[in-house]
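Undergrad: Using our numbering, read the sequence shown as starting at 792 and increasing by one per residue.
Just so you know, even glycine gets a beta-carbon here, dropped at the ideal spot from N, CA and C.
The following block contains the structure, expressed as structure tokens.
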Amino acid sequence: MLDRIWLENFKASRDVDVRLAPLTLLAGLNGSGKSTLLQALAAIRQSYLSDSISPGLNLAGDLVHLGHSDDVLSETADSDTLTITVEEEGKKFVWTCRCPPSSSLNQLDYLDQPDQPPKFAGTSNFQFLHADRIVPETLYPQAPRRAQESGFLGIRGEYTADFLSLNGEKINVSEPRRIDIRGTSIPSEIASKVASTPKLLDQVAGWMQHLSPGVRLAVKRIEKTDEVQLIFYYTGLKRESNSNEYRPTNVGFGLTYTLPIVTACLAAQPGALLLLENPEAHLHPQGQVALGELVARCAADGVQVIVESHSDHFLNGIRLAVKTSAGTLKGENVALHLFTRDESSGEVWVQTPTLLDNGRLSNWPDGFFNQWGKSIDALLE
792 MLDRIWLENF
802 KASRDVDVRL
812 APLTLLAGLN
822 GSGKSTLLQA
832 LAAIRQSYLS
842 DSISPGLNLA
852 GDLVHLGHSD
862 DVLSETADSD
872 TLTITVEEEG
882 KKFVWTCRCP
892 PSSSLNQLDY
902 LDQPDQPPKF
912 AGTSNFQFLH
922 ADRIVPETLY
932 PQAPRRAQES
942 GFLGIRGEYT
952 ADFLSLNGEK
962 INVSEPRRID
972 IRGTSIPSEI
982 ASKVASTPKL
992 LDQVAGWMQH
1002 LSPGVRLAVK
1012 RIEKTDEVQL
1022 IFYYTGLKRE
1032 SNSNEYRPTN
1042 VGFGLTYTLP
1052 IVTACLAAQP
1062 GALLLLENPE
1072 AHLHPQGQVA
1082 LGELVARCAA
1092 DGVQVIVESH
1102 SDHFLNGIRL
1112 AVKTSAGTLK
1122 GENVALHLFT
1132 RDESSGEVWV
1142 QTPTLLDNGR
1152 LSNWPDGFFN
1162 QWGKSIDALL
1172 E
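In structure tokens:
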């Protein structure tokens, strides 16, 4: 597991050092450096997986495209070198690169690098899901062989339908992550149909009940093509059979957009690393809270999750999971970081409130999911 990351002169982060936990939540205004942390980890990983002949920090790869050296050197840097330091299981790994000025290089030579790569750089237990994820389409691509073998869903989740077609009936979801259908709003008679087994496909449908009650899904590989069809349908009390089949383009946008997040959290093996950007986007508040709970359960079950979010509902889902988990996920296993960028200096600084076991915070920094209270105060003036 990753314990800490320290960024020096890397993009918005001139000097940012934060603790990483089984579950790490990054918050803050847009452009404050949250994504920079995720991109740094992704750049390190893709550099080790790169087919490049010479070693170096690969700025353009399968996970991220960061541009050239001028794009990654912090605007407020006090030198022309950047450093990424990662602590993993008590061992420190340091990469230092020089950024030539006015350069078009998209791979930076190492001035210093570890003798051996860290585990997260090479394990197949890894997902990085960008905020720019799949949208409703009629068909989705089958994954290339390397992605199929590693279970990689693609940075946009574009291989999720293919992954489910191959593994939806094979993978049994770990018990701590299975949906408690009694916690959803659907009648028990429908619940018994939706999530009747621990199979991945049924459990994905179970968690989807928080988004659209009664919804189920099916995936079909189309013979003699490189495509997979994703289908949604509904189960109801007044129907003897299921509803008509619906294309993703004819159901709520959020179902398709959230599918890679739910699948990644349910299918990840213990020891996996998940990097998630804005999992709550396009969801009703009820669904956002449910995703917070799912991510928390995933982290409590041996998967490390680093997530960027703008949702107080998502945070509350995590807080509720900590309060009600009966010791499964302790507050100390959650790291909360508020990123702030100073308007005058451009410097990024981080505040880290502590999440207590009762779900409360040790302190509530200004700007940390408190817009609701500010708006209510303004309305009541």
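Provide the residue span of the alpha helix (DSSP H) that contains T1054, from first to last.
TA: As a first step, residue 1054 must be located in the sequence shown, where it is residue number 263. Counting along the chain, the alpha helix (DSSP H) containing T1054 begins and ends at F1044 to A1058.
Undergrad: Taking one C-beta from the stretch 1113 to 1126 and one from the stretch 811 to 825 each time, how about it: are there three or more such pairs within less than 8 Å?
TA: Yes, since at least three Cβ pairs between the stretch 1113 to 1126 and the stretch 811 to 825 fall closer than 8 Å, the two stretches touch.
Undergrad: Could you give the uninterrupted runs of the beta strand (DSSP E) lying entirely in the stretch 805 to 865, keeping only those of 3 residues or more?
TA: DSSP runs (the beta strand (DSSP E)) wholly in the stretch 805 to 865: 814 to 819.
Undergrad: On the DSSP bridge assignment, give the partners of P932 in chain order.
TA: For the purposes of this step, residue 932 is taken as the residue at position 141 of the sequence shown. DSSP output for P932 lists E1018 as bridge partner(s).
Undergrad: Just to confirm, is the Cβ distance from H1128 to V809 under 8 Å?
TA: Along the sequence shown, read from residue 1 onward, the residue named residue 1128 stands at position 337. Along the sequence shown, read from residue 1 onward, the residue named residue 809 stands at position 18. Cβ atoms of H1128 and V809: closer than 8 Å.
Undergrad: What residue from L902, K883 and Y931 has the CA that sits closest to K910's CA?
TA: Sequence index remark: in the sequence shown, residue 910 carries index 119 (1-based). Closest option to K910, Cα to Cα, is K883.
Undergrad: Quick one, are the C-beta atoms of G1150 and V1113 less than 8 Å apart?
TA: Start at 1 with the first residue of the sequence shown, and residue 1150 comes out as number 359. Start at 1 with the first residue of the sequence shown, and residue 1113 comes out as number 322. Their beta carbons are under 8 Å apart, which means G1150 touches V1113 by this criterion.
Undergrad: Under a three-way DSSP split, which group does N963 fall into?
TA: Here the question's residue 963 lines up with position 172 in the sequence shown. In the structure shown, N963 sits in a strand (DSSP, three-state: E or B).
Undergrad: Once the 5 residues before and after S893 are set aside, which same chain residues still bring their CB inside 8 Å of it?
TA: Reading the sequence shown from its first residue, position 102 is the one you call residue 893. Answer for S893: D861, listed in chain order.
Undergrad: Taking only three categories from DSSP, how would you classify W797?
TA: Walking along the sequence shown from the start, residue 797 turns up at place 6. Three-state DSSP puts W797 in a strand.
Undergrad: R889 and E1138 look like a contact to me (Cβ under 8 Å); what is the Cβ gap, rounded to whole Å?
TA: Walking along the sequence shown from the start, residue 889 turns up at place 98. Walking along the sequence shown from the start, residue 1138 turns up at place 347. Contact flag wrong, Cβ pair sits at about 22 Å.
Undergrad: Which residues does DSSP pair with A1009 in a beta bridge?
TA: Walking along the sequence shown from the start, residue 1009 turns up at place 218. Paired residues: I1022.
Undergrad: Taking the alpha carbon of G974 as the reference point, which residue from F954, T951, A952 and L1002 has its own alpha carbon closest?
TA: As a first step, residue 974 is located in the sequence shown; it is residue number 183 there, counting from the start. When only C-alpha atoms are compared, the closest one is L1002.
Undergrad: Distance check for A1091 and S870, CA to CA, integer angstroms please.
TA: Position 79 of the sequence shown, counting from 1, holds the residue named residue 870. Position 300 of the sequence shown, counting from 1, holds the residue named residue 1091. Computed Cα separation, rounded: 41 Å.
Undergrad: On the DSSP bridge assignment, give the partners of W886 in chain order.
TA: As a position in the sequence shown, residue 886 is number 95, starting the count at 1. W886 is bridged to I875.
Undergrad: Is it true that the CB of P927 sits closer than 8 Å to the CB of D953?
TA: Residue numbering aside, residue 953 sits at position 162 when the sequence shown is read from its first letter. Residue numbering aside, residue 927 sits at position 136 when the sequence shown is read from its first letter. In this structure, P927 does not lie closer than 8 Å to D953 by Cβ.
Undergrad: Would a C-beta distance cut-off of 8 Å place G942 and A1058 closer than the cut-off?
TA: In the sequence shown, counting from the first residue as 1, residue 942 sits at position 151. In the sequence shown, counting from the first residue as 1, residue 1058 sits at position 267. For G942 and A1058, yes; Cβs fall inside 8 Å.
Undergrad: For R968, name the three-state secondary structure that DSSP assigns.
TA: The residue you call residue 968 lines up with position 177 of the sequence shown. Here R968 sits in helix by DSSP.
Undergrad: According to DSSP, which residues form a beta bridge with E1099?
TA: To locate residue 1099, count along the sequence shown from 1; it is residue 308. Looking at the DSSP assignment, E1099 forms a beta bridge with L817 and E1068.
Undergrad: A803 by DSSP, collapsed to three states: which one?
TA: Walking along the sequence shown from the start, residue 803 turns up at place 12. Coil.
Undergrad: Between A818 and F917, which are expected to be in contact by the criterion C-beta below 8 Å, what is the C-beta distance as a whole number of angstroms?
TA: Locating residue 818 in the sequence shown gives position 27, counting from the first residue. Locating residue 917 in the sequence shown gives position 126, counting from the first residue. About 23 Å; that fails the 8 Å criterion.
Undergrad: Can you give the beta carbon distance from A1176 to G1108, rounded, assuming they're within the 8 Å contact cut?
TA: What is shown of the chain runs 792 to 1172, which leaves residue 1176 out entirely.
Undergrad: Taking just the CA atoms, how far does V995 sit from P1004?
TA: Translated into the one-based positions of the sequence shown, residue 1004 becomes position 213. Translated into the one-based positions of the sequence shown, residue 995 becomes position 204. Computed Cα separation, rounded: 13 Å.
Undergrad: So, is S826 buried or exposed, given that buried needs 16 or more other C-beta atoms within 10 angstroms?
TA: On the sequence shown, residue 826 is found 35 positions in, with the first residue counted as 1. Buried, since its Cβ has 16 or more Cβ neighbours within 10 Å.
Undergrad: Along the chain, where does the alpha helix (DSSP H) containing Q1000 start, and where does it finish?
TA: Stepping through the sequence shown from its first residue, residue 1000 is reached at position 209. Where Q1000 is concerned, there is no enclosing alpha helix (DSSP H), given that its DSSP letter is neither H nor E.
Undergrad: Drop a sphere of 10 angstroms on the beta-carbon of P935, count the other beta-carbons inside from all chains shown, and report buried for 16 or more, exposed for fewer.
TA: Counted from its first residue, the sequence shown places residue 935 at position 144. Classification for P935: exposed.
Undergrad: When you compare the CB positions of R836 and L850, do they come within less than 8 Å of one another, or not?
TA: Walking along the sequence shown from the start, residue 836 turns up at place 45. Walking along the sequence shown from the start, residue 850 turns up at place 59. It is not a contact, given that the beta carbons lie outside the stated cut-off.
Undergrad: Kindly indicate the opening and closing residues of the beta strand (DSSP E) around D903.
TA: Counted from its first residue, the sequence shown places residue 903 at position 112. Residues Y901 to D903.
Undergrad: When you compare each of R1132, D1133, D1103 and T1131 to N1161 by their alpha carbons, which one comes out closest?
TA: Within the sequence shown, numbered from 1, the residue matching residue 1161 stands at position 370. Residue D1103 is the option with its Cα nearest to N1161.
Undergrad: Throw me the rounded Cβ distance for the E1068 and H856 pair, which I believe falls under 8 Å.
TA: Mapped onto the sequence shown, residue 1068 falls at position 277. Mapped onto the sequence shown, residue 856 falls at position 65. Not quite, the Cβ-Cβ distance comes to about 15 Å (not below 8 Å), so this is no contact.
Undergrad: Is W886 buried or exposed, if buried means 16 or more other CB atoms sit within 10 Å of its CB?
TA: To locate residue 886, count along the sequence shown from 1; it is residue 95. With 16 or more Cβ atoms within 10 Å of its Cβ, W886 is classed as buried.
Undergrad: Does DSSP classify Q918 as helix, strand or coil?
TA: To locate residue 918, count along the sequence shown from 1; it is residue 127. Strand, per DSSP.
Undergrad: Does DSSP classify R937 as helix, strand or coil?
TA: One-based indexing of the sequence shown puts residue 937 at position 146. DSSP places R937 in helix when its eight states are reduced to three.
Undergrad: Candidates W1140, A1087 and G1093: which alpha carbon is nearest M792's?
TA: The residue you call residue 792 lines up with position 1 of the sequence shown. Out of W1140, A1087 and G1093, G1093 has the C-alpha closest to the C-alpha of M792.
Undergrad: Opposite A1129 in the DSSP bridges: which residues?
TA: Taking the first residue of the sequence shown as position 1, residue 1129 is located at position 338. With the sequence shown as reference, residue 1129 is identified as Leu, and Ala is not the correct amino acid for it. A818 and Q1142.
Undergrad: Cα-Cα, which of S976, V1006, I977 and I970 is closest to K990?
TA: Here residue 990 is taken as the residue at index 199 of the sequence shown, counted from 1. It is I970 whose Cα lies nearest to the Cα of K990.
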